[in-house]
Amino acid sequence: MRLKEKHFILFFFTALVILFGYLVVYSEAAYGGSDNYSHYRIARYTWKYPHLFLDHWGKPLFTILSSPFSLFGFKGVQFFNVVSGLMTAFFAYLTLKKLEYKNSWLIIFFICFTPIYFILIISGLTEILFSLILIFSIYLFFDKKYIASSIIISFIIFSRTEGFIFFPLFALAFIIEKKYKSILFLLTGFLFFSFLGLIILEDFWWFFTQNPYTGGQNIYGSGNITHFLDKTKSINGIPLAIALGIGIIAYIIEIIQTKKPDKQLYCEIVLIVFTYFGYLAAHTFVWWKGIGGSLGLIRVMAAVMPAAAVISLKGFNIIYRIFRFNQFFQYGLTLVFLYFIIKLPFQIYNLPVKRDIREQVVHEAAQWLKSKDYFTNKIFYYDNHFCYKLRLNHFDKERCWKSIPNIKNPEKDMPIKRIIQWD
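Quick note: the sequence shown uses the working numbering, first residue -2, plus one each step.
Written out as structure tokens, the structure reads:
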């Protein structure tokens, strides 16, 4: 790496730290609603209730890594995601240097300003850590550290459960490289947490037996098969989506033109192209069929946006090459493309993030209750945001309790002198 490029990269990341730091500090809420505070409360109280480290819904890897940050409050968890997101961009950059991509520095912006990724960087959700595990594993693979790559990707199911769909893809890539021993290490994460579960929960198979995503359509939902494609503007953004389409065409042309087997190209397609579209197809299918506990949330796509960004850069470089006859045209193209990418999240989202109507009502209700004498009464609640605003220990059953005995008749079986947060 040239010294000049090092300086540019350092400047870019410094600017991004300042930008996202500002947004974290001055945002009133976070994209994703109550789920943010659910992850925060689990991470925060692991220090008092160690069994929460293996809480399935909270995602153990996210809980373990974010728990030190949670000691500084919810904004500490947000800063954890900022660090994770910027590390993701950095490892994506290093990966493209290994693959000898032109304009590899652009990947930093292609990732950080992808609309759905941008807004989740300043949240308390799990998709950003998932993306870091994924891209770090891909980087290690192309750095020829195959066993290390296998071990790291094996833990991805403990940052988000659907990460298991990547195991066959990494196994295929190891086969292409004839690194068969590396396949065995794909079991590392599962075995580690299973033995931990045996010790703490007395259940080796807890990953399966305590799976919270049951009930399918009755609890969650289903929808149109084109749901995620219809949301392209909010997920990828139109400029990057167009570049992604061109990138796919570029891969197809490369395969056709390759006269002899190119292992690097095949592995790139498996670990980047198949990763992105496999993940997209999986979430599309479960939402369409109403299975697997899907809510059709577009935020899940942030998990594979680094892979999408790599494909988009490949497409951008095709356009960039067209103007190779004039360097100033190339610079102009780059600046214009960056302009539209960077401004898009600010057009889509109200930044810093404000409370929506529901969150504002919860906030006002919490402020009102704290000013009353009966604030010390036991509270029955539904929204985790409510307890967060009250600064209560969600796990103190003597102080608060999630849900009420009879939702259709809330007064029935309810002890006297109790407070109900009606949702």
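Glycine is no exception: its CB is placed at the ideal position from the N, C-alpha and C atoms. Only a predicted model underlies this, so the values are computations on that prediction, with no experimental measurement involved.
Worksheet item: Under the rule that 16 or more other beta-carbon atoms within 10 Å means buried, what is Gly329, buried or exposed?
Response: Label assigned to Gly329: exposed.
Worksheet item: For Phe9, which of Thr85, Phe106 and Gly70 has the nearest alpha-carbon?
Response: Nearest option by C-alpha distance: Phe106.
Worksheet item: Is there contact here, the stretch 79 to 92 with the stretch 25 to 40, by at least three beta-carbon pairs under 8 Å?
Response: Pairwise C-beta distances place the stretch 79 to 92 out of contact with the stretch 25 to 40, as fewer than three of them are shorter than 8 Å.
Worksheet item: Between the beta-carbon of Leu126 and the beta-carbon of Ser151, is there less than 8 Å?
Response: No; because the gap between Cβ atoms is not below 8 Å, this pair is not in contact.
Fill in: Contacting residues, own chain, Cβ-Cβ under 6 Å from Leu268 (five flanking each side not counted)
Cβ neighbours of Leu268 beyond the five flanking positions: Ile135 and Ala170.
Discussion item. Considering only the alpha carbon of each residue, which of Ile197, Phe225, Lys409 and Phe326 lies closest to Tyr46?
Written reply: The shortest Cα separation from Tyr46 among Ile197, Phe225, Lys409 and Phe326 belongs to Ile197.
Worksheet item: Do you know how far the Cα of Ser219 is from the Cα of Leu58?
Response: Between Leu58 and Ser219, the C-alpha separation is close to 28 Å.
Discussion item. What ranges does the alpha helix (DSSP H) occupy inside the stretch 289 to 321, keeping only unbroken runs of at least 4 residues that lie completely in it?
Written reply: You should have 302 to 319.
Practice prompt. Starting from the Cα of Leu181, find the closest Cα among Thr255, Pro165 and Phe392 and give me that residue.
Written response: Its Cα nearest to that of Leu181, the residue Pro165 stands out among Thr255, Pro165 and Phe392.
Item to complete: Measure the CB-CB distance between Ile232 and Ile132 and report whether it falls below 8 Å.
Response: No, the pair does not count as a contact, with Cβ atoms beyond the cut-off.
Practice prompt. Drop a sphere of 10 angstroms on the beta-carbon of Met411, count the other beta-carbons inside from all chains shown, and report buried for 16 or more, exposed for fewer.
Written response: Residue environment for Met411: exposed (fewer than 16 other C-beta atoms within 10 angstroms of its C-beta).
Discussion item. Looking only at its chain, what residues have a beta carbon closer than 8 Å to the beta carbon of Gly18, apart from the 5 residues adjacent to it on each side?
Written reply: Phe76 and Val79, listed in sequence order.
Discussion item. Could you tell me the alpha carbon to alpha carbon distance between Ile401 and Lys99, rounded to whole angstroms?
Written reply: The alpha-carbon atoms of Ile401 and Lys99 are separated by roughly 59 Å.
Worksheet item: Is Ile249 near Tyr273, with beta carbons less than 8 Å apart?
Response: No, the pair does not count as a contact, with Cβ atoms beyond the cut-off.
Item to complete: Counting only the same chain and skipping the five closest in sequence on each side, list residues whose C-beta sits under 8 Å from that of Thr206.
Response: Cβ within range, chain order: Asp200.
Discussion item. Once DSSP output is grouped into helix, strand and coil, what is the label at Lys399?
Written reply: For Lys399, the three-state secondary structure derived from DSSP is strand.
Item to complete: Would you please state the rounded distance, in angstroms, between the beta carbons of Ile245 and Ile315? I believe it to be under 8 Å.
Response: Not quite, the Cβ-Cβ distance comes to about 11 Å (not below 8 Å), so this is no contact.
Item to complete: Look at the Cβ atom of Thr92, then the Cβ atom of Leu237, and state whether they are nearer than 8 Å.
Response: Cβ atoms of Thr92 and Leu237: not closer than 8 Å.
Worksheet item: When the Cα atoms are used, what is the spatial distance from Tyr346 to Ile173?
Response: So the two alpha carbons sit approximately 43 Å from each other.
Worksheet item: Under a Cβ-count criterion, where at least 16 other Cβ atoms within 10 Å of its own Cβ denotes burial, should Ala300 be classed as buried or exposed?
Response: Answer is buried; the Cβ neighbour count reaches 16.
Worksheet entry | 4-residue-minimum alpha helix (DSSP H) runs that sit fully inside the stretch 198 to 265, ordered along the chain | Counting whole runs of 4 or more residues, the stretch 198 to 265 contains the alpha helix (DSSP H) stretches 203 to 206, 213 to 216, 224 to 227, 229 to 232, 235 to 254 and 260 to 265.
Discussion item. Does the stretch 260 to 267 come into contact with the stretch 320 to 338, if we say contact requires no fewer than three beta-carbon pairs (one atom in each stretch) closer than 8 Å?
Written reply: The stretch 260 to 267 and the stretch 320 to 338 do not touch, with fewer than 3 CB-CB distances between them shorter than 8 Å.
Discussion item. Let's see if you can read the secondary structure: which residues bound the beta strand (DSSP E) around Ile162?
Written reply: Neither: Ile162 is in no beta strand (DSSP E) and is coded neither H nor E.
Worksheet item: Given Asn374, which residues of its chain have a CB within under 8 Å of its CB, disregarding the five upstream and five downstream residues?
Response: Counting only Cβ-Cβ distances below 8 Å, and skipping sequence neighbours, we find Lys414, Arg415 and Ile416.
Worksheet item: What whole-angstrom Cβ distance do Ile153 and Gly160 have, given they're in contact under 8 Å?
Response: Right, the Cβ-Cβ distance comes to about 3 Å (below 8 Å), so this counts as a contact.
Worksheet item: Based on Cα-Cα distance, which residue from Asn323, Ala89 and Ile339 lies nearest to Gly234?
Response: Selection Asn323, Ala89 and Ile339 evaluated against Gly234 yields Ile339 as nearest (Cα-Cα).
Worksheet entry | Candidates Gln261, Ala89 and Glu2, of which the one nearest Pro303 by Cα | Nearest option by C-alpha distance: Ala89.
Worksheet entry | For Phe425, the three-state DSSP class (helix, strand or coil) | Residue 425 lies beyond the stretch modelled for the chain, which goes from -2 to 420, so this question has no answer here.
Worksheet item: Distance, Cα to Cα, Tyr228 vs Asn221?
Response: At residue 228 the sequence reads Lys, which differs from the Tyr that was named. Going from the Cα of Lys228 to the Cα of Asn221 covers about 12 Å.
Worksheet item: Going straight from the alpha carbon of Trp203 to that of Gly194, what length do you get?
Response: Straight-line measurement puts the Cα of Gly194 at about 6 Å from the Cα of Trp203.
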